[in-house]
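Number of protein chains: 4
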Amino acid sequence: MSGSPDPSRRSETARRAILAAALDLAGKLGYAKLSIEGIAHAAGVGKQTIYRWWPSKGSLLFDAFLTLAGEGEAAALPDTGDLAADLKLVLHATITELTDPRYDRPMRALHTEIVHDPALAADYASRLDGPMRELKKARLRSAQEAGELATDLDLDVAVDLLFGPVLNRWLQHTGPLTPDYADRVVDTALRGLRP
Amino acid sequence: MSGSPDPSRRSETARRAILAAALDLAGKLGYAKLSIEGIAHAAGVGKQTIYRWWPSKGSLLFDAFLTLAGEGEAAALPDTGDLAADLKLVLHATITELTDPRYDRPMRALHTEIVHDPALAADYASRLDGPMRELKKARLRSAQEAGELATDLDLDVAVDLLFGPVLNRWLQHTGPLTPDYADRVVDTALRGLRP
Amino acid sequence: MSGSPDPSRRSETARRAILAAALDLAGKLGYAKLSIEGIAHAAGVGKQTIYRWWPSKGSLLFDAFLTLAGEGEAAALPDTGDLAADLKLVLHATITELTDPRYDRPMRALHTEIVHDPALAADYASRLDGPMRELKKARLRSAQEAGELATDLDLDVAVDLLFGPVLNRWLQHTGPLTPDYADRVVDTALRGLRP
Amino acid sequence: MSGSPDPSRRSETARRAILAAALDLAGKLGYAKLSIEGIAHAAGVGKQTIYRWWPSKGSLLFDAFLTLAGEGEAAALPDTGDLAADLKLVLHATITELTDPRYDRPMRALHTEIVHDPALAADYASRLDGPMRELKKARLRSAQEAGELATDLDLDVAVDLLFGPVLNRWLQHTGPLTPDYADRVVDTALRGLRP
DNA sequence: TTCTAAACGAGACGGTACGTCTTGTCTTAAC
DNA sequence: GTTAAGACAAGACGTACCGTCTCGTTTAGAA
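Chains as they are written, first to last, in this note's numbering: chain X, 1 to 195; chain D, 196 to 390; chain L, 391 to 585; chain W, 586 to 780.
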């Protein structure tokens, strides 16, 4: 019937220009002023070329992030044998990144779309957050083997407790995003709330 | 010169109609299709009446929430002497609320605005989240006195660990929002990750 | 239900700017490149302001012509007592006008719309062509009284015979549009085809 | 250099499908919605195949008409010896044709293009209108020999007077297109306007 | 009969314009 | 002098075509 586009004929040049322009404009303008029209113009591309290949602004932003993250992808989290130190190191790096306007704005834009689009959220979970979460769980498993963590620990919940609060504070502006906060989160979570 | 509006002449009828229409439409249409134009029309009000009294769509949504939350505001969290049980009870109620589309959609709309508007976030923190956080901390303090929690605990971090993950999972669609997940979070956080 | 716009609130400034821009661009660009978007831009006006008040590009062009023609409207055709000379004079003036690119192009644009839009044609007939035709018929009636024309003449057909061919030749590019052609049409029509 | 297409390799199948689709769609959709894209699709043909062989939409329409008209081409106008009757017969047939939506719409489309494209008009004059005009002049010459028309008549102008008004009234929607109107035109033109 | 070059269908591309929608400001009339 | 109503300039939305430009696939004439 309608016929979906043939990916083999897709222009790689245009694809790259669009993803680069999307990231760039998201960083410069922020979510509210980010328009498909503007991206198309900045990429030197017809609007239809965007609408042909991406179903929504969110999925375009997501693809742009994939290419960004896919480049310098860390293979694994640091493992010096000191879990707390390693976690703090990673969280400090995350904070540095989230504080950089070049990342802050496109990331907020992407998360806004995720909040309202479950399909996009599923994509995000399986292709960006999922792999990252696996790395985190691998580091925690290594700590379990080293006796630093309880063996019956629910690793998914542990990841949420350790990495969630920093992301949350950043997204919701609920307080200053400092390395000290990350340290307190790690210490508190590891020790537990009980006496 | 310009003359800012005189609050004493403000129409209470219009104000209430606007807040009700904002909540109603946010619930029916979701964030993307929520327009000031539509709210004005549904409230039987001129657009200027909205622009005169609210600086942004987010602050309007926020006021609408205040009136909603302000009505049946719980004075305190339950305190049966069993902290874990009390926390789970509260989180289960939260999950029930977040699962109701009548709350889900306007809440997402509000949080989207918060993500992009630090001023609104500050307002949210001081007038909605702040009081709630105080109630949570009060319950934790009571637990400290009962010896259920460490006395040197960082209460702000503790609140983030206990209540953050459920909110996060809801907002980011990172997994199914079940009472069981809340239970695991509470148990894991209280016990701590260490053996 | 939908509510049509209230003419009493219409901006006269915008109306005039739009009509002027439409005529100007029709003359400069010709029909094919004449766009509502371009007119709005040239008039310093939002597109919606055009769509609010005119149902089609044709009706806008027509209104633009009305204001143009309404200004220097001739009260009557010349009447020197010599019908043939008077007709030739008028037709020569018409040819001069139709030959001026400033008139040629917008006029072609308008006639193109008329060809495809009977409603617009009716408007044209009643408000532009109609009054003009009455002036022509008045001159012919005067000639009848002077004994220059048959008394039982079908005046509408006579007007078609005398003024149609020049318009036709102009529109259809069926031959050079010269004063000589006009003279031959007048002479032939007056004399009749029979011996 | 660029290399113009080699007509000997042209696909006759494609050519015919394109002309048929053009006529068909012009009749069904009218001029405004007639697109080359649509014609290509309806003909089962690539767009390039149209652009390769026709320089404009108008010239394609024109070719489509040529094939249509070329088939049942009348060799000559009727000649019963009664000029007025013969002319009325022909004009009545013309009116019947112009009233048929199957002809009306493509013909309007073609004439619209002619109005704006002198090159196309020249083609039209030499290949469609020209031959037809010769037939008309031949009939008039026969009438001259029979003493029905003045011997010094300007035949080109005579044709314009006799056949122009009906075409004009059809194109410009200036009045109802009835056989009676044709009769009045013929009678008035033959008799002349003078007493 | 094989080779080869052009025409073919298909459709992606950079663009322009469409007609609709919403934004935030400005204007008008009614109360 | 605030209100409901809504016109205004601005500009993004997603769609439809434009005319150009590849792609592989026929197809037809020359070797």
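No residue lacks a Cβ here, since even glycine has one placed at the ideal position from N, Cα and C. No experiment lies behind these values; they were computed from the predicted model shown.
> Which whole-angstrom value describes the C-beta separation of W/L619 and W/A625, a residue pair presumed to lie in contact below a C-beta threshold of 8 Å?
Replying inline: Cβ atoms of W/L619 and W/A625 stay farther apart than 8 Å, at about 12 Å.
>> For the region 535 to 569 of chain L, list every residue whose C-beta sits within 9 Å of some C-beta in chain W, in sequence order.
In response: Closer than 9 Å at the C-beta level to chain W, one finds these residues of the region 535 to 569 of chain L: G537, E538, L539, A540, T541, L543, D544, D546, V547, A548, D550, L551, L552, G554, P555, L557, N558, R559, L561, Q562, H563, T564, G565.
>> Quick check for students: name the residue ranges of the alpha helix (DSSP H) that lie wholly in the region 429 to 478 of chain L, counting only runs of 4 or more.
In response: With a minimum length of 4 residues, the continuous alpha helix (DSSP H) runs that stay inside the region 429 to 478 of chain L are 437 to 443, 447 to 461.
>> Counting only Cβ pairs nearer than 9 Å, list the residues of chain X close to D/G324.
In response: Note that residue 324 of chain D corresponds to Asp in the displayed sequence, not to Gly. Neighbours of D/D324 on chain X, chain order: Q172, T174.
> Which residues, taken in chain order from the region 601 to 628 of chain W, show a beta carbon closer than 9 Å to some beta carbon of chain L?
Replying inline: Taking a C-beta cut-off of 9 Å against chain L, the contacting residues of the region 601 to 628 of chain W are G615, Y616, A617, listed in chain order.
> In this structure, does DSSP put W/R600 in helix, strand or coil?
Replying inline: Note: W/R600 maps to helix in three-state DSSP.
> What's the gap between the Cα of D/Y298 and the Cα of D/P273?
Replying inline: Looking at the two C-alpha atoms, the distance is approximately 22 Å.
> Nearest-angstrom Cα distance between D/L256 and L/W443?
Replying inline: Rounded to the nearest angstrom, the two C-alpha atoms are 35 Å apart.
> If we count the other Cβ atoms within 10 Å of its Cβ and call it buried at 16 or more, is X/Q48 buried or exposed?
Replying inline: Burial call: exposed.
> Among W/V675, W/N753, W/S589, W/L738, which one has its Cα closest to the Cα of L/A579?
Replying inline: If you compare the alpha carbons of W/V675, W/N753, W/S589, W/L738 with that of L/A579, the shortest gap goes to W/L738.
> Terminal residues of the continuous alpha helix (DSSP H) containing L/D573?
Replying inline: First-last of the alpha helix (DSSP H) with L/D573: 569 to 581.
> Excluding the five sequence neighbours on either side, which residues of its own chain have a C-beta within less than 7 Å of the C-beta of W/A767, listed in chain order?
Replying inline: Within the same chain, W/A767 has close Cβ partners K673, L676, H677, I680, V751.
> Is there a Cβ from chain L that is less than 8 Å from the Cβ of W/P703?
Replying inline: Yes, W/P703 lies at the interface with chain L (some Cβ there is under 8 Å from its Cβ).
> Does DSSP put L/R584 in a helix, a strand or coil?
Replying inline: Three-state result, L/R584: coil.
> Got a sec: is the Cβ-Cβ distance from W/I699 to anything in chain L below 8 Å?
Replying inline: Chain L, which has a Cβ nearer than 8 Å to the Cβ of W/I699, makes this yes.
> When every heavy atom of the ligand MG is checked, does at least one fall within less than 7 Å of the C-beta of W/P761?
Replying inline: The ligand MG is not part of this structure, which contains no ligands at all.
> Smallest Cα separation from D/L366: which of D/D219, D/A237, D/M302?
Replying inline: Just measuring C-alpha positions, the residue of D/D219, D/A237, D/M302 sitting nearest D/L366 is D/M302.
> Between the C-alpha atoms of W/R779 and L/A533, what's the straight-line distance to the nearest angstrom?
Replying inline: Going by the C-alpha atoms only, they are around 10 Å apart.
> Helix, strand or coil: how does DSSP classify W/G612 here?
Replying inline: Assigned with DSSP and collapsed to three states, W/G612 falls in helix.
>> Give me the chain X residues within the contact set of D/T275, using Cβ-Cβ distance strictly less than 8 Å, ordered along the chain.
In response: Result: empty, since nearest Cβ-Cβ is about 18 Å, beyond 8 Å.
> Grouping DSSP H, G and I as helix and E and B as strand, with all else coil, what is W/P716?
Replying inline: Three-state DSSP puts W/P716 in a helix.
>> I want to see whether chain X comes within less than 8 Å of D/G387, judged by CB atoms only; does it?
In response: Residue-level contact by beta carbon holds for D/G387 and chain X, with a gap shorter than 8 Å.
>> Between X/Y31 and D/H311, how many whole angstroms is the CB-CB distance? I'm expecting something under 8 Å.
In response: Right, their Cβ atoms sit about 6 Å apart.
>> Please list, in chain order, the chain D residues whose beta carbon lies closer than 7 Å to that of X/W184.
In response: Note on identity: in this sequence residue 184 of chain X is Arg, with Trp being the wrong assignment. Ordered by position in chain D, the residues that pass the 7 Å Cβ test against X/R184 are D349, V352.
>> Let me check understanding here. Comparing Cα to Cα, which of L/A512, L/Y441, L/F553, L/R495 lies closest to L/R523?
In response: Checked all of L/A512, L/Y441, L/F553, L/R495; the closest Cα to L/R523 is L/F553.
> Which same chain residues, not among the five before or five after W/P590, have their C-beta less than 6 Å away from its C-beta?
Replying inline: Once the five neighbours on either side are set aside, the close Cβ partners of W/P590 are R637.
>> Nearest by alpha-carbon distance to L/G436: which of L/R399, L/A407, L/D490, L/K418 is it?
In response: That would be L/A407, whose Cα lies nearest to the Cα of L/G436.
>> Beta-carbon within less than 7 Å of W/A661's beta-carbon, same chain only, minus the 5 sequence neighbours each way: which residues are those?
In response: Taking C-beta separations shorter than 7 Å and ignoring five residues to either side along the sequence, the partners of W/A661 in its chain run L720, A723, following chain order.
> Should D/G233 and D/E308 be called a contact, given that it needs their Cβ atoms to be closer than 8 Å?
Replying inline: Not in contact: D/G233 and D/E308 (Cβ atoms no closer than 8 Å).
>> Taking its Cβ as the centre, do 16 or more other Cβ atoms sit within 10 Å of X/S2, making it buried, or is it exposed?
In response: In this prediction, X/S2 scores a pLDDT of 49, lower than 50, which makes its location untrustworthy; no coordinate-derived value is stated.
> At a CB-CB cut-off below 9 Å, which residues of chain D make contact with X/T99?
Replying inline: Within 9 Å Cβ-Cβ: nothing; X/T99 doesn't reach chain D, min ~13 Å.
> So what does DSSP say about D/P371, is it helix, strand or coil?
Replying inline: DSSP places D/P371 in coil when its eight states are reduced to three.
> Tell me which same chain residues have a C-beta within less than 6 Å of the C-beta of X/A14, skipping the five on either side of it?
Replying inline: Here the set comprises V45, T49.
> Rounded to a whole number of angstroms, what is the C-alpha to C-alpha distance between W/S641 and L/P491?
Replying inline: Between W/S641 and L/P491, the C-alpha separation is close to 23 Å.
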